[in-house]
Structure formats: structure tokens, C-alpha cells
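Taken in sequence, the protein lines are chains D and V. For the first sequence, this note's numbering gives the first residue as -6, with consecutive numbering after it. For the second sequence, this note's numbering gives the first residue as 188, with consecutive numbering after it. Quick reminder that beta carbons are idealized off the backbone N, C-alpha and C, glycines included. Here the structure comes first, spelled out in C-alpha cells, and everything after it is commentary.
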Amino acid sequence: MRQSKFFTAFLIIFLFSFFSLGKNIIRPKYFYFTNGFRVKYFNISDLKYSKVVLTISSGEIDSDYTFRGLAEISIRALFKGSKGYSSNSVKKVFLTNGVMLDIKVDLEKIEITASLPTKNIENFLRCLSSSLSAPYYYSKEINIEKDKLKEQILSERKNIKNLIIKNIGFFVLGKGNPYSKPYNLHFIDKIGRKEIRKYYENNILPSNAEMLILSSINPNKIKDSLKFFKWRKKPVFRKNIPSFKRGDNSFIETKNKKVTVSLLSFLPGVTNENRYAIEFFTHLINGYFGSRANIYFAERGLPLPETYLKTYQNISFFALQFELNDSFKIKSFLNELQKFKDSLKKDFPTKIEYNDAITSFIGKKFLLWQSLEKYYKEYLFFKNYSKLKFFDLKYILLKTKKKDINKLLNFFLKNSILIISGNEKAKRELKGFYRLYSTDDF
Amino acid sequence: MKKTHKKKILFFTLAFLILYINLYSQNETYFFTIPSNGIKVHILPDYNLPLAGFSIFYKGGASEEPKNKRGITNVIKYLMFMRTENLASDEFLFFFFNIGAKVDTQLTEDYILFYEVFPAVYVNSVLWLEQERMRGLKFGISDVERAKKLAISEIKIKNSDILSKIYKKIDLSISGGNNQFATPVWGRVEDIRTINLDDVKNYYRKYFTLNQSSIIVTGPFNSKTLAKKIFSYFSKIRKPSIKPLSNSLFLNKTKVLFQIKPIGKTYIYSKVFILPLPKTLKEYLIYELLAKTFSSSLKGDIMKKLPASSNFDVRIRYTDNKAIIYTVLYSKNKLKVFKSKYILENTLKELVSKRISDESFKTLVNTLLSNLLWKFQYRDERLKEIAKYYSITNKMLLKEQFYYSLLRINKLDLYREANNLLKNRGIKIETK
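What follows is the structure, encoded as C-alpha cells:
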């Protein structure tokens, strides 16, 4: 009798754990290499579209130069031939296996995201490990990548708002800080194989990199395809970051009749404690339909701002950009902008703003996390691999109190500067107040 | 072992199996028709995120529009977000904006799709909102005028694009004049200006009917529970039904070569293949592969040989019981267009004479597979892709199905279809 009771209880517990707990916790497998490289693998059953994300904790701030571009060219030219793979065969591996490769290089890190049909992941991993462990860096391929980057910079000059965003650190912090490195065409011309190899050897290192894999392949097969043990071990040296100081208001002279006004600022860096606080703060300002900026400018018939936020470990950059029609006078618009900043000092956020911002913020995050790798990297890591529920994120956001938002607001207002772009007529209207640049300076 | 223990083990094993089968069946796709009004409902569970996608598919898109009223569906598209019996103007949209959702529409010749992607906790509110607008819109003159303005500004933006201009010319050539096929789905500004309240009311009553509509939902839902909810919300709506739509023929293929004037300074060369609609998933995927063959060959050659000012576009349009593959080359340099048209002809020759290498075929299959899988990771893209396939075959496109079907296609299938469908066919449109 006692035995059967025990058996029943055991079965109930087993069934309960099978259907509830098992579904909410996702456990990764770790592969460690002797050279310090770490791989985190999530075996997700029946996943047909695999994701591989390689994050190298080294970016443009780690190069020895005052301009940006070296890290970007180094990583792009990395996939143009390596030991066992000619420049054409790397391309072929990517094409024949349906690999969609996305490379993002910022000041602090390099992120390579590959999306591909699961059945092809092993071929891709072999090629990737060869590219990272023993790249050839052909001069011809380096020149192609340099030309592509130059072309990109030149096309960005046509859209002045993009140019400002690309060089936001330069405007917000002024010269001399690693986070303020701007792009420069002459510098890109000077980059050669020697500089690139040096950057690779000092920064693109196994101890500096981490890989996340989402797939449904047997873990042992994945492990066998990871041939990263040839990647040479070397210590990483971090550079000291000087303190951040606010830059000057500036004017960029263009040939375009349209005037753009950019309100730029810097905020603290992102830590685990304030993970969503900064994003939530910028969302409150201009991230949703009823946000403060959207309502303020729409009610007055003024142009609506576009928002930009880039977060780093040490600093975050935030921008509100406006494009003025011919009918707006710059000075009167600047007065309105000042009034908007003053309005933020009064009662921000109101209870309604706060509640509305929470629901719209969650919705937007959910949309973003449809790319599975973003969900695993951002949310699951943070929540210790417990599956996302709507109310979890709400509770996290509710921890950001009004006083935290006001702290960020004061930081934002204290460090904000104005970058105005326009033609000579606009320059005359603002004479004497601003540091002058032209688009050719970037 | 004692007899009682054996019975218990048997009992628990049975209970476990029933529970498992029950849970498993609730994760399966689910289809039913609401008897009172004929709405078809498709539920496609997906548990990877607490995010839902809801769409309403109305059969009968821009191709049903009467002559001189091209764009009336586009006007109704905007009205669908305005007033209903219980909702003020734009209230529907504000709800979705406030919950950070994505709301959009897709208008084609054969159907119009309204879709939203939102956190799944709001499913009850969304069901209510959707049944509210399916129950009937309540628009007046001012609403129609506002919708017309919005439609006209959309057309002006779309018409400024060079590819829109090119396709307008091509469609005008192959359709032989002023008919539904020759007009872009978003309509004509001059027609929209003449549309009045009665036109909109009549058209709306005739074509936005419940028996022409399907609901497609995806998200972390138990199929049966959601089916009950949908039934309770939508079965109360009763509106007069009309006979199913019948597609009329628009294409007037009388010539195989059309010579047209350049568009501004842009010269074009285009080859258009008009094929029967695919009947099976395999055929559908082969059509997509044929289009991929053209685009990958043009991409490679244009990148290598014709770097500046030349471009191309390849697309498939499924309409009017036909599949139309467009291949378009355009450039500001006349000579380059002349040279690059041979790339197109060579690709065609390679296809019909079975000269594609194994590696190229593998690339084609994997590129298409990767594109489809990419789309299926996003709820909205998935709903659009499903709607496209649904309008052609009346069947749902599931991730598992296309994955395995595509992998089963071999090179010979592609050659066979290319020989059947493309050999000695194709209408040429070129600038003089």
C-alpha cells in the first residue's frame, strides 16, 4: 500500500515537472577551449533556422589611431580567405549553404551574426573557425573593403542626419576620447595590411570572444565542427578610458537647403542593474505614440523628432533629430526646443506617460526578440534562462522608479548639445554661436 | 509483481499517453469554418515567444475594382482603421500603438490582408476589435475624403520610384491597355478623386463580405481554447453573403515583343513569362526557384561586369489564375542594357539546356530556404507569406512543409519545369 502511494506521488511530481518546469527553463551547453574561447550552445529541438553569433569584445576604441575604420576593415577582410579556403571558396561556402551574414562593428565590440538552414551549420562553423584562426588578409581584398567603406561614408554625407549619428561621439564628447573617434577618408586610405594584421593579432583573440549557437543539431556534432583550438592564445590589454566631457554646439555647413537640428547627449553606460532603465527613459521621451516629445511637437505643428540610442558599457549616446521645412525659422524653433527641455524638468514622467510607456516598451521589445538570437542574447541571459513571460518584463520595468528617470533626465539635460546643419543662409542666421564643420571633415 | 501494481502501472501509462496526446493535439494547426457567416479560421500555434500575429484575409483585391474606380480598395484599406459602430476614428490604431504592436496591410490584385503583431496577453482585446470592424464600418463623407487623401499621398510616394514606373510600362504593354492589370494595385489618383461615398459603400458591401474572409492567427495559443474564443466573438456577426468571386481574364497577350520609349533617361530590357498558377507546394517552390535562378545570375554578372548605373529586378506575381515572372534590367546607359540582356538570355539557355552546376543548384535551394526561414521567424512576414500561398492554393503554408518539400526538389525537376514553362516563351519589352 505504502509502495503504491509512493509510486503515485512520484509519478505526479514527474508529470508536473515534465510539463511545467521543463518548458520554462532553457539550459545551454558550454564548450571551453584551452585558448580561452567560449561557446554557448542552445540545443532547441526542431529549430530549422540556426543562428550563430560571435561577439568579440574589441572595437574601434581599441585601435591605436584617432579615427574609426580599422576594426571594421579588419573584420570584413577576415572572411576573404584563410588557411584551407581561398577568397572565392569562403564566399562559396556562405552562398551554397544559404548563410545570411550580418557584421556590426561599433566602438566597443564586433558582432557577427549568421543565420542559415540548420542542416548546413557544420560546414559554416568549419569555415568560420578557419577564417578566425588563420586569415590570409590579401591586399586586394583589403583594398576592396576599404573602397566599400569609403563609398559608404561618401553616401552618408548625402544624408546629414546619418553622418551626425555615425560620428555622434565626436560631437558629444569633442576630440581626444576613444569614444569620440570620427570617420575620416584619408585615414582609411592609409590603412594597410600591416595595420590590419596588428589589429587582428592584438584584438581579435579567442580570450576576447564568445560564441552563441542556437540550433537543433546534436551537441557532439557541433563540438566537432568547432575547430577554434588553432586560434592563437594571447592576453588582451584594455586601454584606459579618460573621463567624459561635454563637447560644443556645432554647425555643419552643407549645400542642402533643409536645416536639421540634432539634440545630442550622453548618458551612463549600461550595466546589469540599469539594463532597461536607459532604453526605457529614451522610450519615455520619444519612443511611442503618446511620448512627451511626440505630443509636444505634434500639438504645436512642429516637425516630429527621430530618436537614436546607442548603449555601451561605459557610456550611452542619445539623439533627437529634427528636419525643418523652409517655413520654420531656426531661432524660433530653437526657442521651442528650449521650452520642450524646460517642460521635461516639470513633471516627467506623468503617471499616464509612465504606464503607457511600459506597455508600448514591452510590445516593441517582443517584436525585436522575434529574431531568436536577440532574445537568447539579451533577455534569456539576463533572466538566467527562464522563458519570457509578459509580466516578467513589466516587473523589471516597474523597478525603474521616477527618481531613476529624473536622474537620467538631469544627466541628459546637463550634457546635451546642439548640432545644426544647413546652407550658408542658415549659417549667417546663427553666426558666432557655433563651432563650424563641413561634411568633408568626416 | 502483484496484480494491483500491474493495473496501476497500466492505468498511469494510459493516463500519461492520453494527457500527452491531448497536449500534443492542442499544439497542432487547427481549421474550422464559422457556420453562421462562413468565416474560415486557421490557428497556427507557435510557442517560442509570447507574441501573437492576427490577420484577416479578404479574397478579392484590386482586380475586382470597376473601370474608372481604380484605387477604391486602397481607399477602403484606410477606412478599415477609422470609425465603426463602437469605435471612434483611429481608436483601433491607437490601441495597437499603445501596446507597441505592429499594424499593417498588404493589398494585392487578388486579396487584401490586414495584420497585427502584438503581445499575446492582449488577444481578447484584439479579437473584440477585429470582430468590431468585421461587423461593419461606419463611415461618412468626411471619413471617405480623409481616406482618399491618405491613398493619394501614398500613390504619389510610390509612383516616384523608378521601379514602379518601369512595371507600369511593362504591365501596360502586356495587358494591352487600360484595364485592371495595367493599373498598379494602389490605384490611380484621377480615379480616386472621383470616388464618392456611395461608390465606397457599394463596393464595401459587395466585396468585404464575411464568406470571402479568413482569419489566420499564430502565437502561443492552445488551438482549441482559442478556437472557442474566436467562435464566440465572430459567430454573432451576421451579414449578407454573396457568391464567391470569379476572376476575370485581363491579360491580352497578342505580341511577344514590345518596343517602348525610355523612362526619362532610363533604358530597360525585360522578359516576362506568363505561366499557369502552381497547383502544389512543390510547383510553387519550383517557380520561386526559377525566379531565384534569374536573380542570382543577374546579380553575379551585374556585380562583375556592369558595376555602374545598371540594376535589375526579378519578381513573381500570382494573379488572375496566372503566375507571372518578371525579369527586368535597367540602366541609364543604353549600351549596358543592350549588353546585359544577353545575361538573361544565357541564363534561360542554361536552364532549358540543363547546364546548371550542382553547386549553383545547391546555392539556389539554400538561398531560397534561407529566405523563407528568415521570413518565418517574424510573425508579420510569416502571415504575408502564408496569405500569398493561401490565395494561390487555398492551403496553409507551414514551415515544416516547405522545408522538406524544398529539400526534395532536384535539379531535374527544375529543368523539367523550365523546359515545360519557359522554353520558347516570354514576352520581350525593350526600349527603342
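message = Would L401 (chain D) and L256 (chain D) qualify as a contact pair, given that the criterion is a beta-carbon distance under 9 angstroms?
response = no
ask   = Got a sec? Which residues, its chain only, sit under 7 angstroms from K479 (chain V) by beta carbon, not counting five neighbours each side?
value = L551, T554 and L555
Cβ-based contacts, 9 angstroms cut-off: residues of the region 347 to 375 of chain D near chain V = D349, T352, S353, F354, I355, G356, K357, K358, F359, L360, W362, Q363, S364, L365 and Y368
ask   = By Cβ distance below 8 angstroms, which residues in the same chain neighbour K376 (chain D) in space, the five residues on each side in sequence not counted?
value = D385
query = If you run the structure through DSSP and keep just helix, strand and coil, what is E215 (chain V)?
reply = coil
inquiry  = Less than 6 angstroms between C-beta atoms, sequence neighbours within five positions excluded: which residues of the same chain meet that for E299 (chain D)?
reply    = Q314
query = Counting pairs of beta carbons, one from the region 247 to 264 of chain V and one from the region 280 to 291 of chain V, are three or more of them closer than 8 angstroms?
reply = no
ask   = What's the call for G52 (chain D), buried or exposed, on a 16-neighbour Cβ count within 10 Å?
value = buried
inquiry  = By the three-class DSSP mapping on this structure, what secondary structure does L14 (chain D) have?
reply    = A caution first: L14 (chain D) carries a pLDDT of 45, below 50, which makes its placement in the model too unreliable to give a value.
task = Check whether the Cβ of E537 (chain V) lies closer than 9 angstroms to any Cβ atom in chain D.
result = no
request  = Please confirm whether T89 (chain D) and V45 (chain D) have their CB atoms less than 9 angstroms apart.
outcome  = no
Integer Cβ distance of N36 (chain D) from S209 (chain D), believed to fall under 8 angstroms = 7 angstroms
query = Quick one: is Q564 (chain V) near chain D, going by C-beta distance under 9 angstroms?
reply = yes
request  = Give me the Cα-Cα distance between E104 (chain D) and F290 (chain D), rounded to the nearest whole angstrom.
outcome  = 36 angstroms
query = Relative to chain V, which residues along the region 276 to 303 of chain D have a C-beta separation below 8 angstroms, given in chain order?
reply = Y281, F282 and G283
query = Does the Cβ-Cβ distance between Y130 (chain D) and L71 (chain D) come in under 9 angstroms?
reply = yes
task = Give the DSSP-derived three-state secondary structure of T432 (chain D) in the structure shown.
result = helix
inquiry  = Just verifying my parser: in three-state terms, what is the DSSP assignment at Y650 (chain V)?
reply    = This structure cannot settle anything about residue 650 (chain V), because the visible part of chain V is limited to 188 through 619.
request  = Name the two residues that bound the continuous beta strand (DSSP E) containing K458 (chain V).
outcome  = Y454 to P463
task = Could I get the ranges of all uninterrupted alpha helix (DSSP H) runs contained in the region 106 to 165 of chain D, with 4 residues as the minimum, in chain order?
result = 114 to 126, 132 to 151 and 153 to 159
query = Per DSSP, S242 (chain V) is paired with what?
reply = V:Y302 and V:I403
query = Hey, would you say the C-beta of D378 (chain V) is under 8 angstroms away from at least one heavy atom of the ligand COA?
reply = Ligands in the displayed structure: none, and consequently the ligand COA is not present.
query = Under the rule that 16 or more other beta-carbon atoms within 10 Å means buried, what is S340 (chain V), buried or exposed?
reply = exposed
query = Can you name, in chain order, every residue of its own chain whose Cβ lies under 8 angstroms from the Cβ of L236 (chain V), other than the five neighbours on each side?
reply = P407
message = Any beta carbon of chain D sitting closer than 9 angstroms to that of F284 (chain V)?
response = yes
query = Grouping DSSP H, G and I as helix and E and B as strand, with all else coil, what is S236 (chain D)?
reply = coil
ask   = Going by DSSP, what residues sit across from S79 (chain D) in a beta bridge?
value = Its beta-bridge partners do not exist; DSSP assigns none.
message = I'd like to confirm the pairing. Which residues does DSSP put opposite R231 (chain D) in its beta bridges?
response = Bridge partners of R231 (chain D): none, in fact.
request  = Following the continuous beta strand (DSSP E) through P449 (chain V), name the residue where it begins and the one where it ends.
outcome  = Per DSSP, P449 (chain V) belongs to no beta strand (DSSP E) and is neither H nor E.
query = Any idea if H179 (chain D) is buried or exposed, counting beta-carbon neighbours within 10 angstroms, 16 or more meaning buried?
reply = exposed
ask   = For the candidate residues D:L156, D:N136, D:K238 and D:R285, whose alpha-carbon lies nearest to that of Y430 (chain D)?
value = D:L156
key: Residue span of the alpha helix (DSSP H) that contains N211 (chain D), given as start and end   = That residue, N211 (chain D), is in no alpha helix (DSSP H); it is neither H nor E in DSSP.
message = I'd like the list of long-range same chain contacts for L436 (chain V), defined as Cβ closer than 6 angstroms, with 5 residues on each side in sequence excluded.
response = Legend: pLDDT at L436 (chain V) = 48, less than 50; position of this residue unreliable, no value from coordinates given.
key: Range covered by the beta strand (DSSP E) that runs through R502 (chain V)   = S497 to T506
key: Classification of T220 (chain V) by the beta-carbon crowding that lies within 10 angstroms, buried from 16 upward   = exposed
task = Have a look at the DSSP bridge pairing and note the partners of L437 (chain D).
result = The structure shown has nothing for residue 437 (chain D), since chain D only spans -6 to 435.
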